[in-house]
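One structure is given below, encoded as structure tokens.
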Amino acid sequence: MKKILFAMLALATVVSCCNQPKATTEEQASAHAEWSYDAVIYEMNVRQYTPEGTFTAAAEHLPRLKEMGVDVVWMMPIYPIGVKERKGTLGSYYAISDYCATNPEFGTLEDFDAFLSKAHDLGLKVILDWVANHTSPDAKWIVEQPADWYVRDENGNTIVQYDWTDIAKLNYDNHDMRKAMEEAMRFWLERGVDGLRCDMACEVPMDFWCDVLPRLRADYPDTYFLAEGENVELHTDAFDSSYSWELHHLMNSIARGEKGVKELTEYLAKDAEQHPAEAMRLMFTSNHDENSWAGTEFERMGEAYNVMAMLTFTLPKGQPLIYTGQEMGWNKRFEFFEKDHIPAWEQNAYADTYKLLCHIRHTNPALKAGEKGGEFTILPSSEGVFKFSREVEGNKVVIVANLTAEAKACDKIADEQTLLAAHNTSEQGLEAWGWMIYTE
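In my numbering, the protein residues as written are 2 to 441.
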């Protein structure tokens, strides 16, 4: 039985604005920044990335990420963290005290600029985590701005949400606050960052995003905006991409043997119906929330982690995400409010798999996200095996995935087909959670 088989080969204008339909054909202007269609996104947890936990130390790893095939580095919040009601010793990245400064834990603004410059020199894009819903309860704005910049209770106290006791919710009824938020976003775009991942985007009024994001695109062309959330409205001329949370939880259920091909097929049909063709969907087997609070992909998915990772690179509309440590099989929940760094990085089979998947995505136009991705067709196969194709003119990719813990027979690769990659295959077909990718 072959456990792992590898076979691999040795600017458009953004037109997103409120109430303006986006283009959907190659002949028209692209709906998104051209670089984003086949992009692989990497979420970098700067605090835990190196023993030093600094921009300078993290920058040393950028060539490795580039070599692996990463296109976009999403940096978790890099701003100063509030002290009041701070959780743990170091606090949450998402309790920000100043939107236009860097966390001294990570380095200076000049250190960040050097990180950004090195990334750009390598051809990497950098997006920042943007927390527009709230600040820390001792943020600069709390001290310097009028009280009505924040939502307050009947006693005049700022309010928290959920169990986020280290935050103060912003008041979007205040137009001066909205203007200041936009200016803070511009501060970083002016420095050259390539876009923003917007935390809890659904907690912020949609009219803010629809008002601000088109202006930012007009002034900073080729930028990209990712929403944490999956409401369809997020794609109403606002965000380029949104989270596919439902798919993620479905993958966890499939890995536990609770659901299978039927439910995945139903999900994809619903997603295609509900979201516009140009909607990009961030697909992941882990991220900072899942890792710290729900467990690593190995805890949640067991032996199925590999096939699920492959699907994030190949399903329609998808933009794949790799979280800090996944490329070396780091099987540990990071502490969220403390220093808990990766002691040493290593090149291993996990890194080889991600490198191969990145290569396949970059060299097959059919796997692009959004409206430029190939037509998606589900193909007949054995029970428990999910087989589908993605096809655009001149390129057809076929994916065969065993979504069970049992061996399954499947069609042999024909002479006119080219195998790009496979995992857990045998002469009889696919072993548990095995998969193949080939072209016709």
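The C-beta atom is built at its ideal place from N, Cα and C for all residues, glycine as well.
Since we're looking at a predicted model, the values are computed, not measured.
| Asked | Found |
| --- | --- |
| Cβ neighbour criterion (16 or more within 10 Å) applied to residue 138 | buried |
| Opposing strand residues paired with residue 403 [DSSP bridges] | 386 |
| N-terminal and C-terminal residue of the alpha helix (DSSP H) that residue 255 is part of | 246–256 |
| is_contact[residue 223, chain C] using C-beta, thresh 7 Å | In summary, chain C is missing from the structure at hand, where a single protein chain is found. |
| Residue interval of the alpha helix (DSSP H) (run including residue 1) | Any question about residue 1 goes unanswered here, given that the chain covers just 2 to 441. |
| Alpha-carbon to alpha-carbon, residue 436 and residue 294 | 29 Å |
| Minimum length 4: unbroken alpha helix (DSSP H) runs contained in the segment 268–300 | none |
| Residue span of the beta strand (DSSP E) that contains residue 433, given as start and end | 430–440 |
| Backbone CA spacing between residue 277 and residue 32 [nearest angstrom] | 11 Å |
| First and last residue of the uninterrupted beta strand (DSSP E) at residue 426 | 419–427 |
| Under 7 Å between C-beta atoms of residue 228 and residue 209 | no |
| The segment 318–335 touching the segment 358–372, judged by at least three CB pairs closer than 8 Å | yes |
| Contacts around residue 91, its chain only, beta-carbon distance under 8 Å, and the 5 residues preceding and following it disregarded | 48, 82, 106, 338, 339, 340 |
| Which residues DSSP lists as bridging residue 413, in chain order | Residue 413 is not bridged to any residue. |
| Near the ligand GTP: residue 416 beta-carbon under 6 Å from a heavy atom | No copy of the ligand GTP occurs in the structure displayed, which carries no ligand at all. |
| Cβ neighbours of residue 382 in the same chain (closer than 6 Å, five flanking residues each side left out) | 388 |
| Proximal residues to residue 255 (C-beta, below 8 Å), its chain only, five neighbours per side dropped | 261, 264, 265, 305, 309, 404 |
| C-alpha distance - residue 190 paired with residue 132, whole-angstrom precision | 15 Å |
| Pair within 7 Å by beta-carbon distance, residue 329 and residue 300 | no |
| Under 7 Å between C-beta atoms of residue 409 and residue 375 | no |
| Short Cβ contact (7 Å threshold) for residue 357 with residue 423 | no |
| Rounded C-alpha distance that separates residue 201 from residue 398 | 34 Å |
| Rounded separation between residue 147 and residue 203 - CA only | 25 Å |
| Residue from 335, 298, 115 whose Cα sits closest to the Cα of residue 322 | 298 |
| Segment contact, 8 Å Cβ cut-off, at least three pairs: the segment 60–70 with the segment 215–223 | no |
| Beta-carbon proximity check, residue 363 vs residue 52, cutoff 7 Å | no |
| Environment of residue 95 [buried if 16+ CB atoms lie within 10 Å] | buried |
| Where the alpha helix (DSSP H) through residue 364 begins and ends | 350–364 |
| 7 Å Cβ cutoff met for residue 76 and residue 110 | no |
| Option nearest residue 56 by Cα separation, candidates 104, 68, 99, 108 | 108 |
| Residue 207 and residue 234 closer than 7 Å at C-beta | yes |
| Given residue 367 as reference, the closest of 336, 400, 352 once Cα atoms are compared | 400 |
| Proximal residues to residue 1 (C-beta, below 7 Å), its chain only, five neighbours per side dropped | Nothing can be reported for residue 1, as the shown portion of the chain is limited to 2 through 441. |
| With 16 other Cβ atoms within 10 Å as the buried cut-off, status of residue 349 | exposed |
| Burial state of residue 126 (16 or more Cβ within 10 Å) | buried |
| Start-to-end residues for the alpha helix (DSSP H) that takes in residue 189 | 176–192 |
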